[in-house]
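Heads up, the thing below is written out as structure tokens.
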Amino acid sequence: MGDVTLTIGDRRHTVACPDGQEDQLLRLGALLDAKWATAARASGGMNGERTMLFVALMLADALDEAERRPAKIQDEVLLTRIAERLEALATSLEQ
Numbered sequence: 117m118g119d120v121t122l123t124i125g126d127r128r129h130t131v132a133c134p135d136g137q138e139d140q141l142l143r144l145g146a147l148l149d150a151k152w153a154t155a156a157r158a159s160g161g162m163n164g165e166r167t168m169l170f171v172a173l174m175l176a177d178a179l180d181e182a183e184r185r186p187a188k189i190q191d192e193v194l195l196t197r198i199a200e201r202l203e204a205l206a207t208s209l210e211q
């Protein structure tokens, strides 16, 4: 187990993580830190706990949107494949 120190907003947090996961944890911490200023403004800058709640809500919203989007992309890919097959079938029927 390794320890990683994350700086999120104006606070430092040391957390343990499995060996080899340090870089991933640092990336995740940087993601939280990148949202901090916006979340602090949205929360009124009252306290760190409330700001972290707003960070979590912002990330949850982004995750929710991302989870909904792939279905649309998959539908478009499926429709494209169906259209290509129908065109190929139509071409073979015309010959």
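Each step along the sequence shown adds one to the number in our numbering, with nothing skipped, and position 15 is 131.
Think of the CB as a built atom: it goes at the ideal place given N, C-alpha and C, for glycine as much as any other residue.
Residues that Leu-122 bridges to, as DSSP identifies them: His-129
Option nearest Gly-118 by Cα separation, candidates Leu-142, Glu-138, Val-171: Glu-138
Tell me whether Leu-156 is buried or exposed, calling it buried when 16 or more other Cβ atoms sit within 10 Å of its Cβ. Note that residue 156 corresponds to Ala in the displayed sequence, not to Leu. Buried, since its Cβ has 16 or more Cβ neighbours within 10 Å.
List the whole-angstrom C-beta distance separating Val-131 from Leu-122, where the pair is believed to meet the contact cut-off of C-beta under 8 angstroms. 7 angstroms
Going by the beta-carbon positions, is the gap between Thr-154 and Gly-125 smaller than 8 angstroms? no
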